[in-house]
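Residue numbers (our numbering), protein chains in the order written: chain X, 993 to 1407; chain G, 993 to 1407.
A short write-up of the structure that comes next.
See below:
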C-alpha cells in the first residue's frame, strides 16, 4: 500500500487559531485563547474529533483528513464529506431538534466542523457493552427516526423542495460508495478488507460467500440503496453514532447522509441493537436483563417509529405524495389502510437492511466493539454465528416476520 | 387570468442573428445570412420550434419562452427547461445515437437550442392519425428504450457517475411538477385545466373521481415517480415526441427529462399506441389493419425492449447493481432468473403508468390529437370510454396481465 497523501497530524494550535477567528465560537468558549484546551476524543473510523474547553463552555470540533482515519493515507477519502455532514445536521435539526446537535460553524477550506458539545453524554455502544440500559432510549430513537425521515420525504415536502434537497446530497458519492462496497458487495467476495473470527467462522464465511439466495437478496437491497430517494438518511445509524445520557439522546456523525430508502436507517439501528443483544449473551448469563431490555427496545423503537410516523402522515402531510384532497369522506379509511400497508412494506425493507448490516459487521472491515471486545474467541464466534443465522433469515425471507414481536421472538429462539 | 410576463413573439431576425454568430451553425446552413429562411414548425404544447434553411443545409431551432406555449403567459414555466433538454440529448445520444438527434448548440441566455434537422421525418402521431403503419417502428423504439434506460441505470454505470447524472437532472423540478400535477393528481379533482368529451363522459369522469382504488393505485405510481431514480427518462415519450420516416426513428422534446422509474417511459409509449388503437377504431372499420398493426407494435415494442435490455444486462453490465462477480459458476442461472423477475416487475410498473397516462390524456389538459380530431363526439366518447376501461384495469390490477399478449388481448376484447 502506497501513501498518496501524507498523514495529517491533528494540530491543536491550528485548531485553536481557527476557533479564535470565529467570534461566536470564541464567545462560547469564553476568556482568552490561552485559557482554552483541546483534547482528541474521537474513536470513529473516519474523522478526528476534539473537545475544546474554555472558561465559559465547550465545543466539539471535527476534522476530516483526506483519508479514512482508521485505514490511514493509503485509503483516500474526500474531506468534502464534512460539508455533507453539516448540511444533514442543519436539515435534520429542523425536524428532530432535541436529538440532533447544533451545528455552529463549518470551514470548507480546512474541513473543520464545529458543533455543540454534548455535556454528560456518552456513546451508546460503549454504554451497552458495559451492560447499561436506557429507559428513554427507544422513545427518543423512534422520535428521531420518524421526524427525520417523514419531514424529508415526499409525504411532507413539496416535490420541488424535495428534489432540491435530493440534488444537494446526491453528490456525496464517495461516502455512499463506502456503503455500496462494504455493506452490499465486498463481504461476498474474497477481499483484503474482510475480517472475521477465524478459524471459528471460516466455514460460515465460505458458506455465506456461496449463498446465492442471500447474495440475490442483498443485491436487491443494494438496488434499493442505489435507486430509492425516499428520505434524507443519516446513512450510518449504528449505536456508535448515538450519544446518550439519562435524559437525552443525540445523533452524530452524519457524513454518510444521502437520500435513500427509509428502511436503511431503521434497519441499521435495529441491527446494532441485535448485535448488542447477541454480544451481551456472550458476556454471560448475568446479562439476561440487558438482553431483555434490548429486545424490548427493538420492539419499542419500531412500534414508536410506526406510530409517530403515521401520526405525522395523518396530521402534517403537506407534501406531494398521496394528496389528502383525493381521499375525503369515505375514502379517508382507504388512505388510512394505505398508510398501514406502506408501514408494512417499510418494516419488510427494514428487516432486509437489518440483516445485511448484521452480516457485514461480522464479516467485513468495520467490526463493532460489541463483538471485538469479547476476548474468548469461541464465545464470540458462537454469538456471531447466532447473529448470522438470524440475519440471513431476515434478509432472505423478511416477509416471514409479520410484526416486530416475530423478530424479537426469533432473536430469543436463537438460544 | 393575468399575464405575469409578456407574450414572446418569435423573432426571426434575432434567430438568424443568433445562428450567424455561431460559425459551426452558419457553415452548416451555408452561403450568407440573407440566403437563410426560417419557418415555425412546432405544434408542441411547450416551446416554439423553427426550421432554418440555407443553401447547404438546415437546422432546427427551439426557443423556450418563459411560459407554457399552449397556455400563454399566464402559466409561467422556467425557460431553463431548454438546458435539461440539451443535457438529455447529449446523454441519450451517447447510448441510442441513431434514434436521438444531434444537439448542435445551446444558448442558456436566449434559451435557444439548435439541433440537427431531421429531413424526411414526420411526427408519428400525425402519421398514425392518417392511418399509416411503420414496419421498423417497434424494433427501433425498443432499441431506443433499452439503450437509453439501461445505459443510464445502475446496471451500466458506476454509482458515482450515476449519482452525478442524477444530481444534474434533479433540479428539472418545474417540468417534473407538470407531470406530478397533470398525470397523477389534477384529473382526480375538480380542476380548471381538466377537459373531456362532455356531456358524453360526464358520468364516467364523476365515477373516476370517486374511484378510491384507482386513486390509490395512481398515488402509488406517483410515489414511484417521486422517489425512484432508476434511469434517465425522456419523461414525456408520447407519439408526438417521435419523428419517423420509412427507415428511421428519432426521439425529440426531452425537456421533461429526469431520473425516474423506467416504467414511466415504457408505459407512456405503450399508452399512446393504445390511444392510437382506440382512436383508429372510432374512425371506422377500414382502420382494422392499422389497429392490428398497432397491437402488434405494442407486443413488439415490449418484447424487443425486454430482449434487448436483458441482452445488455448480460453483456455490458459495468454498473454497481448486481455485480456479476457475485454470481459465477452455477449461480449465473440464479442471476438470469433475477433478470427475468426484474423485467416482470418492470412490465407491471409499465402497465400501471400506461393506464395512468391513458386516463390523464382523456380527462386532463393535454388531450391528444388522436382523439380530439374525431369530430363525431359520440364516436369519440365511445372510443375514449373503451380506453378508460382498459386503462383503469391496467392501473389497478396490473399483475393480472402476465405477458404483453394478455394486454393486447384485453385491448381486442374491448370491442
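Yeah, the Cβ is synthetic: ideal placement off N, Cα and C, and Gly gets one too.
Here the structure is a predicted model, which is why all the values come from computation and not from measurement.
Taking residue i as the reference, which of the options has the closest Cα?
{"i": "residue 1392 of chain X", "options": "X/1339, X/1145, X/1357, X/1041", "result": "X/1339"}
{"i": "residue 1298 of chain G", "options": "G/1314, G/1042, G/1137, G/1108", "result": "G/1137"}
{"i": "residue 1206 of chain G", "options": "X/1213, X/1278, X/1318", "result": "X/1318"}
{"i": "residue 1120 of chain G", "options": "G/1061, G/1063, G/1040, G/1273", "result": "G/1273"}
{"i": "residue 1142 of chain X", "options": "X/1131, X/1223, X/1161", "result": "X/1223"}
{"i": "residue 1403 of chain X", "options": "X/1349, X/1337, X/1313, X/1267", "result": "X/1267"}
{"i": "residue 1070 of chain X", "options": "X/1092, X/1053, X/1094, X/1101", "result": "X/1101"}
{"i": "residue 1232 of chain G", "options": "G/1037, G/1326, G/1027", "result": "G/1037"}
{"i": "residue 1265 of chain G", "options": "G/1006, G/1175, G/1350", "result": "G/1350"}
{"i": "residue 1204 of chain G", "options": "X/1159, X/1326, X/1213", "result": "X/1326"}
{"i": "residue 1215 of chain G", "options": "X/1331, X/1387, X/1129", "result": "X/1331"}
{"i": "residue 1363 of chain G", "options": "G/1301, G/1122, G/1212, G/1308", "result": "G/1122"}
{"i": "residue 1081 of chain X", "options": "X/1189, X/1199, X/1242, X/1170", "result": "X/1242"}
{"i": "residue 1360 of chain X", "options": "X/1320, X/1370, X/1263, X/1323", "result": "X/1263"}
{"i": "residue 1131 of chain X", "options": "X/1341, X/1291, X/1357, X/1370", "result": "X/1291"}
So is residue i buried or exposed if we call it buried at 16+ other beta carbons inside 10 Å?
{"i": "residue 1352 of chain G", "result": "buried"}
{"i": "residue 1046 of chain X", "result": "buried"}
{"i": "residue 1127 of chain X", "result": "exposed"}
{"i": "residue 1112 of chain G", "result": "exposed"}
{"i": "residue 1365 of chain X", "result": "exposed"}
{"i": "residue 1408 of chain X", "result": "In the structure as shown, chain X begins at 993 and stops at 1407. Residue 1408 of chain X is therefore absent and cannot be evaluated."}
{"i": "residue 1087 of chain X", "result": "buried"}
{"i": "residue 1379 of chain X", "result": "buried"}
{"i": "residue 994 of chain G", "result": "Low per-residue confidence applies at residue 994 of chain G: pLDDT is 42, beneath 50, and the placement is therefore not dependable, though the value from the model is reported in the following sentence. By the 10 Å Cβ count, residue 994 of chain G comes out exposed."}
{"i": "residue 1315 of chain G", "result": "buried"}
{"i": "residue 1033 of chain X", "result": "exposed"}
{"i": "residue 1154 of chain X", "result": "buried"}
{"i": "residue 1157 of chain X", "result": "buried"}
{"i": "residue 1394 of chain X", "result": "exposed"}
{"i": "residue 1006 of chain G", "result": "exposed"}
{"i": "residue 1239 of chain G", "result": "exposed"}
{"i": "residue 1372 of chain X", "result": "buried"}
{"i": "residue 1090 of chain X", "result": "exposed"}
{"i": "residue 1059 of chain G", "result": "buried"}
The alpha helix (DSSP H) spanning residue i covers which residue range?
{"i": "residue 1273 of chain X", "result": "1254-1274"}
{"i": "residue 1411 of chain G", "result": "This structure does not reach residue 1411 of chain G, given that chain G is present from 993 up to 1407, and the question cannot be answered."}
{"i": "residue 1396 of chain G", "result": "1396-1404"}
{"i": "residue 1285 of chain X", "result": "1280-1307"}
{"i": "residue 1074 of chain G", "result": "1073-1087"}
{"i": "residue 1135 of chain X", "result": "1129-1143"}
{"i": "residue 1363 of chain X", "result": "1361-1364"}
{"i": "residue 1326 of chain G", "result": "1324-1355"}
{"i": "residue 1209 of chain X", "result": "1204-1219"}
{"i": "residue 1011 of chain X", "result": "1004-1012"}
{"i": "residue 1161 of chain X", "result": "1151-1162"}
{"i": "residue 1173 of chain X", "result": "1165-1174"}
Have a look at the DSSP bridge pairing and note the partners of residue i.
{"i": "residue 1108 of chain G", "result": "G/1051"}
{"i": "residue 1235 of chain X", "result": "X/1115, X/1242"}
{"i": "residue 1095 of chain G", "result": "G/1107"}
{"i": "residue 1042 of chain G", "result": "G/1032, G/1053"}
{"i": "residue 1021 of chain X", "result": "According to DSSP, residue 1021 of chain X bridges with nothing at all."}
{"i": "residue 1060 of chain G", "result": "G/1064"}
{"i": "residue 1251 of chain X", "result": "X/1224"}
By the DSSP assignment, the beta strand (DSSP E) with residue i in it spans what residues?
{"i": "residue 1032 of chain G", "result": "1029-1032"}
{"i": "residue 1064 of chain X", "result": "1064-1068"}
{"i": "residue 1229 of chain X", "result": "No beta strand (DSSP E) contains residue 1229 of chain X, which DSSP labels as neither H nor E."}
{"i": "residue 1358 of chain G", "result": "First-last for residue 1358 of chain G: undefined, no H or E at that position."}
{"i": "residue 1193 of chain G", "result": "Note, residue 1193 of chain G: premise wrong, no beta strand (DSSP E); not H, not E."}
{"i": "residue 1223 of chain X", "result": "1223-1225"}
Please report the Cβ distance between residue i and residue j, rounded to the nearest whole angstrom; I am assuming they are in contact, meaning their Cβ atoms lie under 8 Å.
{"i": "residue 1235 of chain X", "j": "residue 1244 of chain X", "result": "6 Å"}
{"i": "residue 1135 of chain G", "j": "residue 1246 of chain G", "result": "Going by Cβ atoms, the distance from residue 1135 of chain G to residue 1246 of chain G rounds to 17 Å, so no, they are not a contact pair."}
{"i": "residue 1051 of chain X", "j": "residue 1106 of chain X", "result": "5 Å"}
{"i": "residue 1133 of chain G", "j": "residue 1261 of chain G", "result": "6 Å"}
{"i": "residue 1055 of chain X", "j": "residue 1103 of chain X", "result": "6 Å"}
{"i": "residue 1147 of chain G", "j": "residue 1305 of chain G", "result": "6 Å"}
{"i": "residue 1168 of chain G", "j": "residue 1259 of chain G", "result": "Contact flag wrong, Cβ pair sits at about 16 Å."}
{"i": "residue 1077 of chain X", "j": "residue 1093 of chain X", "result": "Contact flag wrong, Cβ pair sits at about 11 Å."}
Is residue i close to chain B, meaning its C-beta is less than 7 Å from at least one C-beta of that chain?
{"i": "residue 1315 of chain X", "result": "Of the chains in the structure shown, none is chain B; the protein chains are X and G."}
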